[in-house]
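The next block holds one structure in the form of structure tokens; read it before the comments.
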Ligand code: PMP
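In UniProt numbering, the protein residues as written are 1 to 422.
Right, here's the structure in full:
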């Protein structure tokens with residue numbers, strides 16, 4: 001048993017406590033190093049966050065410069081600071097809506113909960129307090145707070161906590177018709193917002209069917225429903241553009257982001273709020289939005305985000321994701337021929353997942369975890385998603401050779417695992 005006092009999230013501690021911990025000590029580019037100096041490819045960019053790669057001295061220097069002057073001060077009332085102002089302006093500039101305003105948080109779950117509260121206050125301000133229902137999609141992951149767990153589409157995450165949040169409904173992940181039907185049966189006058197990840201990430205790397213995002217955006221517009229894009233994963237180059245919304249040509253009322261915003265160098269999240277939603281709070285009709293976090297507008301985190309965005313821009317990382325996207329099907333093709341592989345999911349940007357076939361999953365219980373463990377032995381770090389898919393979402397700085405390294409490690413994993421029963 002280890003002597004570690006660290007409690008790991010989403011982890012069975014009854015098994016992990018009996019193992020020697022796996023300590024990462026250093027990162028450089030797309031690679032990480034353990035305490036013995038062994039090198040590993042980071043095939044998941046941490047938890048989808050490290051878009052610019054590890055060990056970027058210029059981000060640490062930006063943090064050092066800002067934090068040695070002032071790390072943080074509240075931004076409630078009329079208090080502000082230069083990095084937070086610059087970052088808000090830069091995010092508003094990238095927004096597909098004109099005149100957006102930016103509300104800062106400390107991460108993705110914070111941002112989703114903020115968005116839920118914001119839209120309910122918005123409708124209250126407009127004199128429509130019955131518009132409270134938050135619609136979301138099956139398989140979606142929106143975070144770990146009470147609200148974001150409650151609207152999540154992964155049943156296991158919601159079980160055993162009692163009633164998390166009232167006035168929610170879930171729709172099929174891949175059907176605009178189901179969204180329309182659900183709105184009709186609830187009555188549009190009760191629906192506040194529809195929250196969606198443009199590409200469902202943790203729920204299995206599910207790319208939207210052709211035309212789906214445009215269709216749901218049109219449905220929301222027609223019914224006056226607020227469209228919230230959860231771009232916590234898809235933002236900041238991951239989808240081949242600053243935001244997947246831009247890539248797909250949809251204009252959400254609110255874009256929620258985190259992760260890639262700082263590439264994980266600091267915890268930070270943001271809501272980019274279109275003018276339609278911000279207006280009643282800015283013209284006085286809504287009164288204050290009674291919400292905010294201690295670290296909303298954290299100066300050090302904002303400086304880190306600005307330095308991260310400089311790198312994404314200077315090194316054209318969204319374009320690199322875009323060009324890898326076209327090569328991925330070819331690079332991944334050795335996997336598609338493997339008898340244990342159902343499909344290799346690729347789509348927009350540098351996100352992919354290897355889906356194992358139901359027969360292999362039946363014959364070898366725990367197969368995805370075993371493959372991931374064997375990949376670690378082979379020098380590639382990743383994880384399996386809820387449906388057992390093996391995640392590929394490396395830093396956006398990689399080239400063909402790292403994709404091949406991943407493919408080879410998956411093959412090694414699949415070929416070294418003996419079936420446990422037949
Ligand atoms: N939304 C999505 C799409 C996510 O993938 C995540 C985190 N995996 C979150 C929200 C929650 O973000 P955080 O863990 O930073 O609170």
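Beta carbons are placed, not taken as given, at the ideal position from N, Cα and C, and that holds for glycine.
- Residue 9 and residue 67 have their alpha carbons spaced roughly 29 Å apart.
- Residue 392 holds the alpha-carbon nearest to the alpha-carbon of residue 346 among 142, 392, 38.
- A distance criterion of 6 Å places the beta-carbon of residue 292 beyond contact range of ligand 1, judged by its closest non-hydrogen atom.
- Residue 340 is positioned such that its CB atom lies closer than 7 Å to that of residue 356.
- Runs of the beta strand (DSSP E) lying entirely within the region 219-281 and spanning at least 3 residues, in chain order: 226-230, 254-257, 269-273.
- Each of 129, 416, 385 was checked against the Cα of residue 205, and the nearest Cα belongs to 385.
- Note that the C-beta distance between residue 326 and residue 44 is not below 7 Å.
- Contact annotation: residue 380 and residue 332 have beta-carbon atoms that are not nearer than 7 Å.
- Residue 259 is classed as buried because its beta carbon has at least 16 other beta carbons within 10 Å across all chains shown.
- The residue among 277, 39, 395 with its C-alpha nearest the C-alpha of residue 378 is 39.
- The straight-line gap separating the alpha-carbon atoms of residue 105 and residue 417 is approximately 43 Å.
- With 16 or more other Cβ atoms from the protein chains shown falling within 10 Å of its own Cβ, residue 266 counts as buried.
- Boundaries for residue 194: no alpha helix (DSSP H) harbours it, while the beta strand (DSSP E) harbouring it runs 191-196, taken from the DSSP string.
- As the crow flies, the alpha-carbon of residue 227 is around 11 Å from that of residue 191.
- The alpha helix (DSSP H) runs lying completely inside the region 321-347 and spanning 4 residues or more are 333-336, given in chain order.
- For the options 12, 415, 301, 240, the alpha carbon positioned closest to that of residue 375 is the one of 415.
- Apart from the 5 residues on each side of it in sequence, residue 86 sits with its Cβ closer than 8 Å to the Cβ of 302, 306 in its chain, given in chain order.
- Residue 123 and residue 287 have their C-alpha atoms some 13 Å from each other.
- Remark: C-beta atoms of residue 371 and residue 413 approach each other more closely than 7 Å.
- For residue 377, the enclosing alpha helix (DSSP H) stretches over residues 367-377.
- For residue 199, same chain residues with a beta-carbon under 8 Å away, outside a window of 5 residues either side, are 205, 206, 207, 208, 233, 234, 239, 244, 347, 348, 349, 351 in chain order.
- Beta-carbon to beta-carbon, residue 194 and residue 261 are separated by about 23 Å, too far to satisfy the 8 Å threshold.
- Between the region 164-173 and the region 143-153 there are three or more inter-stretch CB-CB distances shorter than 8 Å, so the stretches are counted as touching.
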